[in-house]
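Reviewing the structure listed below.
Number of protein chains: 2
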Amino acid sequence: MEFRQLSYFIAVAETGSISAASRRVHVAQPALTRQVRLLEEDLGIRLLERHARGVSLTVAGQALFEEAVQLLDRRTQIRTRLTSLGQGLIGKVSLGVTVTHLWVPEVAALLRHYRDRYPRVAFEVFPLLSGPQLERLREGSLDAGILYLDSADQPGLETRLLQHDHLMLAVPEASRWSSSPPSRLSELKEADFVWGFRSVSPVYYDRVMAHFARLDFEPRVVQYGADNITILSMVAAGLGIAIVPSASSAHPMPGIRFLHLAELTACDMPLWMAWRSSNDAPALHNLVGLVEELFGEEGVSSPGLAG
Amino acid sequence: MEFRQLSYFIAVAETGSISAASRRVHVAQPALTRQVRLLEEDLGIRLLERHARGVSLTVAGQALFEEAVQLLDRRTQIRTRLTSLGQGLIGKVSLGVTVTHLWVPEVAALLRHYRDRYPRVAFEVFPLLSGPQLERLREGSLDAGILYLDSADQPGLETRLLQHDHLMLAVPEASRWSSSPPSRLSELKEADFVWGFRSVSPVYYDRVMAHFARLDFEPRVVQYGADNITILSMVAAGLGIAIVPSASSAHPMPGIRFLHLAELTACDMPLWMAWRSSNDAPALHNLVGLVEELFGEEGVSSPGLAG
DNA sequence: TCTAGCCATATCATAACGGCATGTCAGCAA
DNA sequence: TTGCTGACATGCCGTTATGATATGGCTAGA
Chain A
1 MEFRQLSYFI AVAETGSISA ASRRVHVAQP ALTRQVRLLE EDLGIRLLER HARGVSLTVA
61 GQALFEEAVQ LLDRRTQIRT RLTSLGQGLI GKVSLGVTVT HLWVPEVAAL LRHYRDRYPR
121 VAFEVFPLLS GPQLERLREG SLDAGILYLD SADQPGLETR LLQHDHLMLA VPEASRWSSS
181 PPSRLSELKE ADFVWGFRSV SPVYYDRVMA HFARLDFEPR VVQYGADNIT ILSMVAAGLG
241 IAIVPSASSA HPMPGIRFLH LAELTACDMP LWMAWRSSND APALHNLVGL VEELFGEEGV
301 SSPGLAG
Chain B
1 MEFRQLSYFI AVAETGSISA ASRRVHVAQP ALTRQVRLLE EDLGIRLLER HARGVSLTVA
61 GQALFEEAVQ LLDRRTQIRT RLTSLGQGLI GKVSLGVTVT HLWVPEVAAL LRHYRDRYPR
121 VAFEVFPLLS GPQLERLREG SLDAGILYLD SADQPGLETR LLQHDHLMLA VPEASRWSSS
181 PPSRLSELKE ADFVWGFRSV SPVYYDRVMA HFARLDFEPR VVQYGADNIT ILSMVAAGLG
241 IAIVPSASSA HPMPGIRFLH LAELTACDMP LWMAWRSSND APALHNLVGL VEELFGEEGV
301 SSPGLAG
């Protein structure tokens, strides 16, 4: 009992004639005669009553006909489903994104476009800092992540550069820093800084600290905050000024002014997309493809950029 | 997507190794490698993740695995069902039997044995006279019949002789015919006969009348009855005597005595089983086989016996 | 009676499939 | 590091399965 035999048999059953069926399935009549015969021998029961003019179904033939239709339908359903899976039209993708970058227009556009183009994919976005994203990527509980990395060369992971962030200064709108913006870091020696915990986002923290070490500048920290949102809220409340990734300025926040400083702009903060090398899920592949489409080809992994 | 590929794939999925699966399905490893690969190409999606030590399923592979198991199960179910149909172990057989012969031990044994041997066949027995049986056999609404025929040569039907009935005299136990049984028909010239309608069973009626015409005997009919049971009831009630098929005497009836007369015994009433020639349903075939087993091979269709 | 249509059979070419030998790679032990 | 082992991949060849063509037999309808 093979799929081919069943589909031939269905054609014969529906046309009531082997010859007519042979024209329908584009196979010569003797081939159908033989395949039906083989099917009968295989099942050990006569399926057709042969007449001078066409054939008719025996009771067994009728029984098989109904079953065969269902079986073939099921096969095409499975094929359709798996083909869709293969094209990434259905399935599931989980993506980690730092909260900060959810506000960045390019990233938001990526999420929106992916949802529009692949509406049947279960697309789950998790707001996660870079560290947890890395962990969950390696675990396999996350398909892809948009995050900071200390190096583009991550064992077991593929990476692609999205864009270059840098650092900015966030100051309270009602502060003197806002009315007379500093032009150099050295002017901020006496300033009160709101700072983050290293443990919360070591990748980001280490990168910033390395940059400041090169500049030989040490901020006077008066307050720590758990995450970027908290830190910015504190700045808005006038508790101090903060060094934040440029992505934070994507959407204006009331009470905060973002300032450029050459020394901060010089701090390259490459933003990456990363995913497991062994993960060849088509839905993920499509997400990567969309990234290339929206962010251009600049993102080819290049260790030089990540230093 | 072929059944073979699916079963290979299932073996691979369950063993987590192509090599192990190849031992399980008794096929060389390269064959499995290729068939899985063909399956992947056919569906357009990777099903396995190949590792140094065995393989594991991708998401698509897991999806296909569940579907494939169901699909193959369904196939074996269908095969089992149709094979059983082919062996006549399941299905449906309808058999017509004259009411009179339901009482005959040999016929009752046939029904009982068939039910015992093929308990899963829907075996329907219809009490029908010979004429209606013939009609319904030709219509196709009856698979087989146990009946009287005017000839063994029935176009479109197969026939097999079951046994030779003859005629007997049924008399009320309380009548003078019972106390002093006649030895010749001529003694019954003055007797009151209960008789049947020709229209109810022409085959039987014509046969009896032809015999009586040869004997040059014409019964004095005082009462007509619709069927054999009615006629015998009337005899039991003392309304008259009747000519009945010998089968009627199979089980004694209160108030009736069955008498042999040489002239009646000489009337050969062959009892046949008949079925449509084109009907090759295995369940019917088994019924015929059981008939041959229980009634012997004497029943080979022989026109000479039916004259 | 003859013809057209349909199913069955025989024969041959081709494609599918499996087996064997071999290649490649990763993990493990000395 | 080196060699070994186990597992998947690839190339080649013989066997089997499948389809096409030609042909025969049978039946219904003209």
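For the record, the sequence lines run as chains A and B. Residue 301 in UniProt numbering sits at position 301 of the first sequence, with consecutive numbering throughout. Residue 69 in UniProt numbering sits at position 69 of the second sequence, with consecutive numbering throughout. Backbone N, C-alpha and C fix where the C-beta goes; we use that ideal spot for every residue, glycine too.
Use the C-beta contact count for residue 256 of chain A: other C-beta atoms within 10 angstroms, 16 or more gives buried, fewer gives exposed. buried
For a contact defined as C-beta to C-beta under 7 Å, what are the partners of residue 46 of chain A on chain B? 280
Taking the C-alpha atoms as reference points, what is the distance between residue 10 of chain B and residue 69 of chain B? 7 Å
Quick check: what's the CA-CA separation for residue 118 of chain B versus residue 98 of chain B? 22 Å
Over the uninterrupted beta strand (DSSP E) stretch that includes residue 270 of chain B, give me the two end residues. 269-276
Put residue 304 of chain B into one of helix, strand or coil per three-state DSSP. The predicted position of residue 304 of chain B is uncertain, since its pLDDT is 27 and thus under 50; a value taken from the coordinates is nonetheless stated next. It is helical.
DSSP-derived helix/strand/coil call for residue 177 of chain A: helix
Pull up the DSSP beta-bridge partners for residue 91 of chain B, would you. B:121
Any chance you could list the beta strand (DSSP E) runs of at least 3 consecutive residues sitting entirely within the UniProt domain "HTH lysR-type" (1-58) of chain B, in chain order? 48-50, 55-57
Once you ignore the five residues that flank residue 198 of chain B on each side, which residues in its own chain have a CB closer than 7 Å to its CB? 205
Rounded separation between residue 239 of chain B and residue 284 of chain B - CA only: 42 Å
What does DSSP give as the partner residues of residue 158 of chain B in its beta bridges? B:275
For residue 291 of chain B, report the span of its alpha helix (DSSP H) as first-last. 282-295
Per-residue DSSP class, three states only, for residue 209 of chain A: helix
Chain B within 8 Å of residue 60 of chain A, Cβ atoms only: yes
How about residue 96 of chain B and residue 142 of chain B: are their beta carbons less than 8 Å apart? yes
Leaving out the 5 sequence neighbours to the left and right, which residues in its chain are closer than 6 Å to residue 295 of chain A when beta-carbon positions are compared? 162
Using beta-carbon positions only, say whether residue 76 of chain A and residue 44 of chain B come within less than 8 Å of one another. no
Suppose you measure from the CA of residue 8 of chain B to the CA of residue 79 of chain B; what does that come to, to the nearest Å? 19 Å
Spell out the partners DSSP gives residue 168 of chain B in its beta bridges. B:244
Report yes if the CB atom of residue 46 of chain B is closer than 8 Å to the CB atom of residue 40 of chain B, and no otherwise. yes
Mind checking residue 186 of chain A: buried by the 16 CB within 10 Å criterion, or exposed? exposed
Out of B:130, B:5, B:290, state which residue places its alpha-carbon closest to the alpha-carbon of residue 202 of chain B. B:130
When B:16, B:149, B:88, B:58 are compared against residue 122 of chain B, the one with the closest alpha-carbon: B:88
On the DSSP letters alone, give me the boundaries of the beta strand (DSSP E) that residue 255 of chain B sits inside. Note, residue 255 of chain B: premise wrong, no beta strand (DSSP E); not H, not E.
Got a sec? Which residues, its chain only, sit under 6 Å from residue 165 of chain A by beta carbon, not counting five neighbours each side? 245, 246, 247, 269, 271
Let me see if you follow: with CB-CB separation under 8 Å, is residue 78 of chain B close to chain A or not? yes
Is the beta carbon of residue 260 of chain B sitting closer than 8 Å to the one on residue 168 of chain B? yes
Here's the rule I'm using: 16 or more other beta-carbon atoms within 10 Å means buried, otherwise exposed. How should residue 265 of chain A be labelled? exposed
With a threshold of 7 Å on Cβ separation, who are the neighbours of residue 215 of chain B within its own chain once the five nearest residues in sequence on each side are excluded? 185, 263
Please list the partners that residue 52 of chain A has in chain B, where partner means a Cβ-to-Cβ separation under 7 Å. What residue 52 of chain A touches in chain B: nothing, since even the nearest Cβ is about 12 Å away.
7 Å CB neighbourhood of residue 221 of chain A in its chain, flanking five on each side removed: 193, 195
Strictly by DSSP, which residues pair up with residue 148 of chain A? A:271
Please confirm whether residue 63 of chain B has its beta-carbon closer than 8 Å to some beta-carbon of chain A. yes
Local conformation of residue 65 of chain A per DSSP, three classes: helix
Taking only beta-carbon positions, decide if residue 123 of chain A is within less than 8 Å of chain B. no
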